[in-house]
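What follows is a set of notes on a single structure, which appears directly below.
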Amino acid sequence: MEPKGRAVIGMSGGVDSSVAAYFLKQAGYEVVGITMKVWQKCMSHAEEKCCGPQAVADARNVCHALGLPHYVIDEAGDFEKIVIDYFTSEYQKGRTPNPCVMCNEHMKFGSLQRKALNIGAGFVATGHYAIIEERDGRMILRKGADERKDQSYFLFSLGQEQLRRSLMPLGDKTKPEIRAIARELGLKVYDKEDSFEICFVPGNDYAAFLEKRLGTDQFHKGGIYDLKGNFLGDHEGIERFTIGQRKGLGGGSVEPRYVVDIDPATSRVIVGGAEDLLTREFHVNNTHWISIETLTGPQEVTAKIRYAHKGTAATLRPGSSPHEAVVTLHEPQRAVTPGQACVFYQGDVVVGGGWIMRDGRYGPNES
């Protein structure tokens, strides 16, 4: 087999990156396993996290079984500045962040890719369920074959050069297939549970994490109001709320109430009924395009307004600035949330995406 050069693979200690490393070796790459320590507390107590002691041990054991070198690199300082500070500041601005997108862009396919180049590795590989291919000289990102595990949403902000130097060997496989392969190889991680939490937020309790990191004195306390401006009660900080939330709004209402807006300027949390959560049109900024060079006119797309969203038909138009776009949904959608990524597809191809802006308009009959 002709050698394909050196490739670094990010090893989380999970089954996906473990089997991805095996695929790379079988394909003829000189594979180097690297686990990134991205959070100071990981090494002390976060056993289940992607850089905790058990994760590092699992990654090391897999590399040993496959005959690969394994290293741990400390990226905690950059991760804190780039990902965690972003995470906390977004909540303080009344937005709901998406740290996985930032981590992929700046850490896994940013910092790790630069380190890979420094040791003569032309590629960085991961266990993401997505497909990268080249079409007419342009790198294209497609959905993974396993619809339930597809992670292309989290990769929309990767640049052409990042994609060109990336390998995702699991893209055409399903999760059950990967577990079966790991079992056949005798890898002990074959039945390791997937993590569905943000890696640095224990128990997925983001409010408790923010409380501990910022202190409650840094929370923006204020009032809860309805859409007519009526005061309904006090709250202990806009950092505790996100669009669509029902908890923490107090009682006294016959119909269910939901958070429909958060105003960071006045620290107001605005609540309404289920119908007030519907949005037909919104803007995205800091857009990034993959399958096209730039957005020059209307495009018919499928828009995913959050990772768990199945996607809905939409018309995409250029906005008032080069890095802004207007999204018109063919059917109003619930809880379009400022701060979340909206990713656009044509078929299984990622066109690009952007970050949902606050525009203050709610309800199915908005103009």
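The opening residue of the sequence shown carries number 6 in the numbering used here; numbering runs sequentially from there. A virtual CB, placed ideally from N, CA and C, is assigned to each residue, including glycine.
Distance between Lys120 and Val13, taken at the CA atoms: about 9 angstroms.
The shortest C-alpha to C-alpha distance from His240 to any of Gly249, Leu232, Gly253, Asp231 is the one to Gly253. Secondary structure note for Glu139: its beta strand (DSSP E) is the uninterrupted segment 135 to 140. Residue state for Gly149 is assigned as coil, using DSSP reduced to three classes. Tyr27 carries a helical assignment under DSSP once its states are collapsed to helix, strand and coil. Annotated as proximal: Gly132 and Ser22, with beta-carbon spacing under 8 angstroms. Thr320 is not a Cβ neighbour of Thr301, given a cutoff of 8 angstroms. Only residues of its own chain outside the window of five on either side were considered, and among them Gly277 have a CB closer than 6 angstroms to the CB of Leu232, listed in chain order. According to the DSSP assignment, Val354 belongs to the beta strand (DSSP E) that extends over 354 to 361. In the three-state reduction of the DSSP assignment, Leu117 falls in the helix class, which pools H, G and I. Judged by pairs of C-beta atoms under 8 angstroms, the region 124 to 142 touches the region 156 to 173, as three or more such pairs exist. DSSP places Val88 in the helix class (H, G or I) of the three-state scheme. Nearest in C-alpha terms to Thr342, of all of Asn291, Tyr350, Ser326, Val264, is Val264. In this model, Val43 and Thr93 are separated by some 16 angstroms (Cα to Cα).
The region 138 to 149 makes contact with the region 346 to 364, as at least three CB pairs between them are under 8 angstroms. Of the candidates Leu215, Cys105, Asp151, Leu215 places its Cα closest to the Cα of Glu244. Contact between the region 211 to 228 and the region 80 to 98 is present: 3 or more CB-CB pairs across the two stretches fall below 8 angstroms.
CA-CA distance, Asp63 to Val194, rounds to 7 angstroms.
Rounded to the nearest whole angstrom, the C-alpha separation of His69 and His75 is 8 angstroms. In the pairwise beta carbon analysis, the region 111 to 120 is classified as touching the region 76 to 89: at least three pairs are separated by under 8 angstroms.
When only Cα atoms are considered, Glu280 and Glu286 end up about 15 angstroms apart.
In the three-state reduction of the DSSP assignment, Asn109 falls in the helix class. DSSP places Val67 in the helix class (H, G or I) of the three-state scheme. Here DSSP, grouped into helix, strand and coil, assigns Tyr34 to coil.
Distance from the CA atom of Glu139 to the CA atom of Glu166, rounded to whole angstroms, is 12 angstroms. Exposure of Thr221 is indicated by the presence of fewer than 16 other C-beta atoms within 10 angstroms of its C-beta. Out of Trp294, Phe349, Gly324, the CA that lies nearest to the CA of Ala318 is found in Phe349. Burial of Asp155 is indicated by the presence of at least 16 other C-beta atoms within 10 angstroms of its C-beta. Around the Cβ of Glu305, a 10 Å sphere holds fewer than 16 other Cβ atoms; the residue is exposed.
Rounded to whole angstroms, the Cβ separation of Arg339 and Leu282 is 5 angstroms, and the two are in contact under 8 angstroms. In summary, Gly19 is buried, with 16 or more beta-carbon neighbours lying within 10 Å of its beta-carbon over all protein chains present. Look at Phe205 here: in three-state DSSP terms it is coil, with no helix or strand label. Residue state for Ala185 is assigned as helix, using DSSP reduced to three classes.
In the three-state reduction of the DSSP assignment, Leu237 falls in the strand class, which pools E and B. About 15 angstroms separates the beta carbon of Ala25 from that of Lys9, a gap too long to meet the 8 angstroms contact definition.
Across the set His335, Glu198, Phe161, Val259, the C-alpha of Phe161 shows the shortest separation from the C-alpha of Gln345.
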